[in-house]
Amino acid sequence: MSRIPLPTPESMSAAQRQVYENIISGPRGRLVGPLRAAIHNPELAERWQKLGEILRFGTSLPPKLNELAIIVTARRWNSQIEWHIHADAALKAGLGPKAIEALKAAQEPPFEEEAEFVVYEYARQLQQHGAVEPGVYARAVELWGAAGVVELTAVVGYYTMVSMTLNAHEIPMPDDQPPPLDTPMHDGMPALTAMSRAGKWEPAL
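For what it's worth, UniProt numbering labels the leading residue of the sequence shown as 1, then goes sequentially.
Following this line, the structure appears as structure tokens:
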């Protein structure tokens, strides 16, 4: 159960209802996840959903790589709704099922392309260490240019905010789905998941 009340269309103010209509008429199609909390402040929710729309649907990165960055973030933060939505989106975008299952288990993923390896290590390092190794950063720039690296960083940052919102307010899973991720514990509290470092990229033989 959510720690805060979650407005329904029937209980929304006029300003909230306008944002709600903007959300359901866009590519998301429904009010789900962190926007259920953000809509308590309609202006925040409106700007939030526009930023999220760009970072999910409008970056220069291939959708498969965008979704990979999102599920790395979801796994790091044990973000159940985020994983539930975006693991399926990553699979549909072409990310290999073995890589997704390994990420779910917080194990080293078997990637099929170097670009997947770079996105994983970029997102993992940024969240686990607060910085990115020079070699990984340089390769990301070579692959996607300055704009792509800025977008990748923004995706990780945005979905970290999403994870914090979902976790802090205990937003429930959509459609009564069970939580998909195991959450590590430390001193009686949930702990961030330690992500396995990927080995040196080598093409599969």
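Don't be surprised by glycine CBs; every beta carbon is placed ideally from N, CA and C.
Cβ of residue i within 7 Å of Cβ of residue j?
i, j, result
"W77", "P180", "no"
"I39", "V19", "yes"
"L55", "A146", "no"
"L192", "I81", "no"
"L65", "A115", "yes"
"R124", "M195", "yes"
"Y122", "V136", "yes"
"Q16", "P7", "yes"
"E67", "A198", "no"
Can you name the start and end residues of the alpha helix (DSSP H) that residue i belongs to?
i, result
"K98", "97 to 104"
"S11", "Run containing S11: none; DSSP gives neither H nor E here."
"A146", "134 to 169"
"N66", "63 to 76"
"V118", "114 to 129"
"A93", "80 to 93"
"E46", "42 to 57"
"R36", "35 to 38"
Quickly, what does DSSP pair residue i with across the bridge? List them, please.
i, result
"P190", "M185"
Taking 8 Å as the cut-off, does the stretch 63 to 73 touch the stretch 41 to 51 (at least 3 CB pairs, one atom from each stretch)?
No: fewer than three Cβ pairs fall under 8 Å.
Is the stretch 28 to 43 touching the stretch 161 to 176, taking contact as three or more C-beta pairs under 8 Å?
yes
Does the structure place the stretch 90 to 98 close enough to the stretch 182 to 191 that three or more beta carbon pairs sit under 8 Å?
no
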